[in-house]
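For reference, the structure is listed below as structure tokens.
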Amino acid sequence: MGLQTRDQALAERALLVPDEQAADGVARRRVMVNRAESPLSWLHGRQLITDLQFAAGEQLRRDYELAQLGPRVTMRWDAAPGGAKGGAAMMDATDRQIAAKTRFHAAVDHLGAGLQDIAWRIICAGEGMAAAERGLNWPARSGRLVLGLALDRLVVHYRLG
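First residue of the sequence shown? That's 2 in our numbering, and the numbers climb one at a time after it.
Structural data, given as structure tokens:
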């Protein structure tokens, strides 16, 4: 491992440990998470957003990822739809993906036009606060206040508080 300690190496990347049996008999995995990977986690780790705000932001991000709304890095390697029969059925998204997309759009609509941009940039796209402020042509240090308002509205939308 070189000059790095084991703890430093674990903090840099998520590593799975073997399955563990919980008291209820369900197998669970423990995962090391680098809090600096997500701007939302970074803010939460420094207590700049509340636990409820963090939970609401994570729910929005989870729905965004389940709906597969992010840009693709490569082409799709799924089988091409067959001729006239069965083609439309093969192209349909899963029910889980459709439900996540519906939940995501409902949450973003609840945010309104003034809060959607910062929430999407920070929570879904994973942009840093400074980059999001520059991208929106906002003054420095204004993004955290507006993101806090967006997260509060998400808390209400998801009925967390």
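We put the beta carbon where it would ideally sit given N, CA and C, even for glycine. Values in this document were obtained by computation on a predicted structure and should not be read as measured data.
Between which two residues does the alpha helix (DSSP H) carrying isoleucine 99 extend?
Stepping through the sequence shown from its first residue, residue 99 is reached at position 98. Run containing isoleucine 99: 96–112, per the alpha helix (DSSP H) assignment.
If you drop the 5 nearest sequence neighbours on each side, which residues of the same chain put their C-beta closer than 6 angstroms to that of alanine 57?
On the sequence shown, residue 57 is found 56 positions in, with the first residue counted as 1. Answer for alanine 57: Leu152, Leu155, Val156, Tyr159, Leu161, listed in chain order.
Can you look up arginine 135 in the DSSP assignment and give me helix, strand or coil?
Taking the first residue of the sequence shown as position 1, residue 135 is located at position 134. Here arginine 135 sits in helix by DSSP.
Is serine 39 near glycine 127, with beta carbons less than 8 angstroms apart?
The count along the sequence shown starts at 1 and reaches residue 39 at position 38. The count along the sequence shown starts at 1 and reaches residue 127 at position 126. A contact, by the Cβ cut-off of 8 angstroms.
Taking its Cβ as the centre, do 16 or more other Cβ atoms sit within 10 Å of valine 147, making it buried, or is it exposed?
Position 146 of the sequence shown, counting from 1, holds the residue named residue 147. The residue is buried, with at least 16 neighbouring Cβ atoms inside 10 Å.
In chain order, what residues of the same chain lie with their CB nearer than 7 angstroms to the CB of alanine 89, ignoring the 5 residues before and after it?
Here residue 89 refers to the residue found at position 88 when the sequence shown is read from its first residue. A caution first: alanine 89 carries a pLDDT of 48, below 50, which makes its placement in the model unreliable, though a value can still be read off. No residues qualify anywhere along the chain.
Report yes if the CB atom of alanine 133 is closer than 8 angstroms to the CB atom of isoleucine 119, and no otherwise.
Reading the sequence shown from its first residue, position 132 is the one you call residue 133. Reading the sequence shown from its first residue, position 118 is the one you call residue 119. In contact: alanine 133 and isoleucine 119 (Cβ atoms closer than 8 angstroms).
CA-CA distance, glutamate 13 and glycine 46?
As a working note, residue 13 is residue 12 in the sequence shown. As a working note, residue 46 is residue 45 in the sequence shown. Model confidence at glutamate 13 stands at a pLDDT of 45, short of 50, so the residue's coordinates are unreliable and nothing is read from them.
Would you call glycine 144 buried or exposed, if buried means 16 or more other Cβ atoms sit within 10 Å of its Cβ?
Along the sequence shown, read from residue 1 onward, the residue named residue 144 stands at position 143. Label assigned to glycine 144: buried.
Within 8 angstroms, strictly: CB atoms of glutamine 54 and glycine 149
Along the sequence shown, read from residue 1 onward, the residue named residue 54 stands at position 53. Along the sequence shown, read from residue 1 onward, the residue named residue 149 stands at position 148. Their beta carbons are under 8 angstroms apart, which means glutamine 54 touches glycine 149 by this criterion.
Using the beta-carbon count (16 or more within 10 Å), is arginine 62 buried or exposed?
Taking the first residue of the sequence shown as position 1, residue 62 is located at position 61. Buried: at least 16 other Cβ atoms inside 10 Å.
Inspect the beta-carbon positions of phenylalanine 105 and aspartate 52 and report whether they are closer than 8 angstroms.
In the sequence shown, residue 105 corresponds to position 104, counting from 1. In the sequence shown, residue 52 corresponds to position 51, counting from 1. Not a contact, by the Cβ cut-off of 8 angstroms.
Please classify tryptophan 48 as buried or exposed, where buried requires at least 16 other C-beta atoms within 10 Å of its C-beta.
Here residue 48 refers to the residue found at position 47 of the sequence shown. First, the residue type needs correcting, since residue 48 is glutamine and not tryptophan in the sequence shown. Result: exposed.
Own chain residues within Cβ distance below 8 angstroms of glycine 136, not counting five before or after
The residue given as residue 136 occupies position 135 in the sequence shown. Closer than 8 angstroms at the Cβ level, and outside the excluded window around glycine 136, lie Arg122, Glu128.
Compare the beta carbon distance of leucine 70 and arginine 97 with 8 angstroms and say whether it is the shorter of the two.
Walking along the sequence shown from the start, residue 70 turns up at place 69. Walking along the sequence shown from the start, residue 97 turns up at place 96. Cβ atoms of leucine 70 and arginine 97: not closer than 8 angstroms.
Where does methionine 76 land, buried or exposed, given buried means 16+ other C-beta within 10 angstroms?
By 1-based counting over the sequence shown, the position of residue 76 is 75. Answer is exposed; the Cβ neighbour count stays below 16.
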